[in-house]
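Position 27 of the sequence shown, counting from 1, maps to 27 under UniProt numbering, and the rest follow consecutively.
C-beta: ideal position from N, C-alpha, C; glycine also.
Just so it is clear, the structure is predicted and the values come from calculations on it, not from any experiment.
So the structure is just underneath, and the comments pick up after that.
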Amino acid sequence: MTAAYDEVYKCVHCGFCLPTCPTYLATGVEGMSPRGRLYLIRAVLEGRARPTKDLLEYLDACVYCLRCETACPSGVKYGAVYEQFFKEHRKELQSITYSRYLPLFNALNTGPGLALARVGGSLVKELGALVAGRDVRMYVGKEFKAKGERVGRVALFVAPDCVAWRYKGKMVEAAIRVLTWNGYDVVVPRFRCCGAPYRHSGQFEKSEELAKYNKAVVGQLGRIDYVVVANSGGCQAELMRYFDNVVDVFQLLAKNGVRERLGPVKLRLALQHSCHLMNVAKAHTHIVALLSKVPELKVVPLPSADVCCGGGALYPMRHRDIANKILEVKRREVFEIKPDGILVESPACLQQLSKLGVPVYTPIEILDLSYKNANNLKYLDLEIG
Ligand code: SF4
Ligand code: SF4
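The structure is reproduced here in structure tokens:
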């Protein structure tokens, strides 16, 4: 038995993880909880149950948010158990729901697929905000020079042929402006997808191939202090598997203190955390702390801000009913708060919460807006090195 499965036996069935699990909260079913899923895996390992389609459906319905890990007093590494089990049963698990979406998803993570997604009616409807922004390719392959006293040189993670990044031009430009203003030379190399969606869907060889490619990209850049991700918890968590110097842009700014001047942003925003940014990268506190310095900005966490929104890993396509139930909770909370918009920390959350019909912002866009509103001389100028 592999070391990952030792984790199963650490579970003492206390149930502390239950109120943190979006699929349990949405269904009330024990098999849809971390404790229930661990129990099912254990039953299969001990030969008391067979991995039938019915059993595997409970496991397949996990969003893989990993919030349960942070709540567990026994320190059960749920993700490691699930990943090992998924590796061993990948064919059966994929055939449950991924088989319907993998060809589509894999096609989407190519240049031609992404171009088609912009015009494909039903596809665009389902992918919504993910394919509805400015193209990032105009920034790729360039280096932008630091302003003022130089602090370091960073590589900004942008994957132009990945559905999560291709149309995030606004976010990427905001990150370049904020980073150069804070003294960093910013290289935007041609990365490929971080590999997370492939690993989460059992395409482990593909995720390893992407990791190898991205490591080679960084290897060719010369001295780089950090690989920086602009608010994408899922990508950051995956990159942390194979780079040891990955940070969210807000984590980086927290190291040296953010440069003046910040201008007012007159918005009241409801906050939803990104699961991987919070549970793995631990960058969420830096975002909240830094945005608290922005004059006139009010950030109000949703009561369930630390519970997944159900937007990750093609989940709204694979498990529409559960994803919609999870989203209904967010809808009620947003309705109560009546904010000017919602603040999200990842492209998947952006896609999911855009369905609520309220403007959605990312932290980097708000920080950029604050700098713009301060009328800082030369803030908007970008010098290509
Ligand atoms: S990873 Fe998230 S969805 Fe899966 S069992 Fe844990 S809390 Fe529930
Ligand atoms: S919190 Fe940990 S020990 Fe308790 S039931 Fe959940 S997985 Fe098991």
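Between the alpha carbons of residue i and residue j, how many angstroms are there, rounded?
i           : j      : result
Val63       : Ala196 : 13 Å
Tyr242      : Glu208 : 10 Å
Glu345      : Asn214 : 23 Å
Ser95       : Pro103 : 12 Å
Gly121      : Phe157 : Note that Gly121 scores 47 on pLDDT, short of 50, meaning its location in the model is unreliable; the coordinates nonetheless yield the value given after this. Approximately 29 Å between the Cα atoms of the pair.
Ala3        : Leu314 : 29 Å
Ala117      : Met138 : 19 Å
Tyr98       : Cys72  : 29 Å
Leu56       : Lys206 : 23 Å
Leu179      : Tyr198 : 30 Å
Ser74       : Lys53  : 30 Å
Gly312      : Leu108 : 16 Å
Met171      : Arg37  : 37 Å
Leu114      : Gly133 : 12 Å
Glu88       : Pro51  : 11 Å
Asp321      : Asp306 : 21 Å
Ala323      : Gln351 : 12 Å
Gly148      : Gly183 : 6 Å
Phe204      : Phe105 : 15 Å
residue 386 : Leu210 : Residue 386 is absent from the structure shown; the chain starts at 1 and stops at 385.
Glu260      : Glu328 : 39 Å
Leu353      : Asn231 : 15 Å
Leu252      : Asp244 : 14 Å
Phe250      : Thr362 : 12 Å
Can you tell me whether residue i is buried or exposed, with buried defined as 16 or more other CB within 10 angstroms of its CB?
i      : result
Ser304 : buried
Phe144 : buried
Ile364 : buried
Lys168 : buried
Gly202 : buried
His286 : buried
Arg223 : exposed
Val29  : exposed
Lys330 : buried
Glu238 : buried
Arg48  : exposed
His13  : exposed
Ser370 : buried
Ala216 : exposed
Ala289 : exposed
Pro316 : buried
Leu380 : exposed
Asp185 : buried
Asn375 : exposed
Arg332 : exposed
Asn256 : exposed
Among residues of its own chain, excluding the 5 on either side of residue i, which ones have a beta-carbon nearer than 6 Å to its beta-carbon?
i      : result
Pro295 : Pro264
Ala159 : Trp165, Phe191, Arg192 and Cys193
Ala270 : Val300, Leu302, Val334, Ile337, Pro339 and Ile342
Leu18  : Tyr24 and Ser33
Lys142 : Val188 and Ile384
Ile326 : Pro22, Ala26 and Gly310
Val229 : Phe157, Cys235, Gln236 and Asp248
Cys11  : Leu38 and Val76
Gln84  : Thr2 and Ala4
Leu356 : Arg331 and Val334
Give the C-beta separation of residue i and residue j to the nearest angstrom, bearing in mind that I take them to be a contact with Cβ-Cβ under 8 Å.
i      : j      : result
Ala164 : Pro347 : 4 Å
Val360 : Ile342 : 5 Å
Val81  : Val151 : That belief does not hold up - the Cβ atoms of Val81 and Val151 are roughly 41 Å apart, past 8 Å.
Arg35  : Gly15  : 6 Å
Leu45  : Tyr101 : That belief does not hold up - the Cβ atoms of Leu45 and Tyr101 are roughly 28 Å apart, past 8 Å.
Ala283 : Leu277 : 5 Å
Cys275 : Gly219 : 30 Å between Cβ atoms; not a contact.
Tyr226 : Val154 : 5 Å
Ile176 : Leu382 : 6 Å
Leaving out five residues on either side along the sequence, give the residues of the same chain with a beta carbon under 8 Å from the beta carbon of residue i.
i      : result
Met240 : Val246, Val280 and Ala281
Gly79  : Tyr64, Leu66 and Glu69
Lys308 : According to the sequence provided, residue 308 is Cys. The question's Lys does not apply to it. Around Cys308: Pro22, Val63, Cys65, Arg67, Cys275 and Ile326.
Lys293 : Val258 and Leu262
Leu40  : Gly31, Ala49, Leu55, Tyr58 and Leu59
Val136 : Val158, Pro160, Trp165, Arg166, Tyr167, Lys168, Gly169 and Val172
Lys372 : Gly263, Tyr379 and Leu380
Which residues in the same chain have their Cβ closer than 7 Å to the Cβ of residue i, if we skip the five residues on either side of it in sequence?
i           : result
Thr110      : Asp161
Asp60       : Leu93, Ile96 and Thr97
residue 389 : Nothing can be reported for residue 389, as the shown portion of the chain is limited to 1 through 385.
Leu267      : Leu297, Asp340 and Gly341
Ala174      : Ile364, Glu365 and Asp368
His273      : His284, Ala305, Asp306 and Glu345
Ala146      : Thr180, Gly183, Tyr184 and Asp185
Cys349      : Gln272, Ser274, Cys309 and Gly311
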